[in-house]
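Visitor:
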Amino acid sequence: SKKAKKTFTNKQMVPRCALLLLLCTYIYTVQGVYFLMENNQVQCFQYDVYEEKPSQVKYANIDYRSTIDNPKVSIKVSLPDNTTLLEVECGIKGNIAWPYSVTGPHQVCVHMQGDSNQKYRFGLTFAVPEIATVSSRAVSTEHLAAISVELKKLTVRLNA
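The sequence shown begins at 1 in the UniProt record's numbering and counts up by one.
#1: For residue 136, which residues from the same chain have a beta carbon less than 8 Å from its beta carbon, with the 5 sequence-adjacent residues on both sides left out?
#2: Does DSSP put residue 87 in a helix, a strand or coil?
#3: Could you tell me which of 80, 119, 44 sits nearest to residue 71, measuring between CA atoms?
#4: Of the residues 103, 91, 127, 151, which one's Cα is nearest the Cα of residue 110?
#5: According to the neighbour-count rule (16 or more other Cβ atoms, all chains shown, within 10 Å of its Cβ), is residue 27 buried or exposed?
#6: Candidates 37, 60, 36: which alpha carbon is nearest residue 93's?
#7: To the nearest angstrom, how far is it from the Cα of residue 38 to the Cα of residue 116?
#8: Is the beta carbon of residue 57 closer than 8 Å to that of residue 80?
#9: Give the straight-line distance between the Cα atoms of residue 45 and residue 155, rounded to the nearest whole angstrom.
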């Protein structure tokens, strides 16, 4: 007995393709980026800002070693018109936050500068801090970073 081969018509395929495309679009929301970087290398990606909320990036220099000469790492955030919004030198782990200024595609670049030929792993994750009743246009980057640190301290105290 031969099994009948099932064929799909165009009317059946269109809804399935649309559903698959919608599902792939929903699943492909970037929550973090990890780079394997060499010294004197720059890695950039686009981060889309669509809401009038401050943005926050948590970073980790995964291969940081206290016993060796680690490279300097900096993160630069540029507005859609390529104006530099923020440039920060990074440590082992930390947060970088910036206030809402313009919606659209922001460019985030990680620059690693050093003398070693070793490769380093560097990770970034994204979050939108919930800051109620504070105008994000009036809040400076330093204030957002300080607020984030205080919120983490409170969370640790509450969970202890």
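For every residue, glycine included, the Cβ atom is placed at its ideal position computed from N, Cα and C.
Guide: To lay it out plainly:
#1: In the sequence shown, the residue the question calls residue 136 occupies position 136. Its pLDDT being 45, under 50, residue 136 is placed unreliably in this model, and the coordinates cannot settle the point.
#2: The residue you call residue 87 lines up with position 87 of the sequence shown. Note: residue 87 maps to strand in three-state DSSP.
#3: Your numbering for residue 71 matches position 71 in the sequence shown. Ranking the options by Cα distance to residue 71, first place goes to 119.
#4: Numbered from its first residue, the sequence shown carries residue 110 at position 110. Closest by alpha carbon: 91.
#5: As a position in the sequence shown, residue 27 is number 27, starting the count at 1. Model confidence at residue 27 stands at a pLDDT of 41, short of 50, so the residue's coordinates are unreliable; what they give is reported in the following sentence. Flag for residue 27 reads exposed.
#6: Taking the first residue of the sequence shown as 1, we reach residue 93 at position 93. Cα-wise, what sits closest to residue 93 is 60.
#7: Counted from its first residue, the sequence shown places residue 38 at position 38. Counted from its first residue, the sequence shown places residue 116 at position 116. Distance between the alpha carbons of residue 38 and residue 116 is about 8 Å.
#8: The residue you call residue 80 lines up with position 80 of the sequence shown. The residue you call residue 57 lines up with position 57 of the sequence shown. No; because the gap between Cβ atoms is not below 8 Å, this pair is not in contact.
#9: Sequence index remark: in the sequence shown, residue 45 carries index 45 (1-based). Sequence index remark: in the sequence shown, residue 155 carries index 155 (1-based). Cα-Cα distance, rounded: 31 Å.
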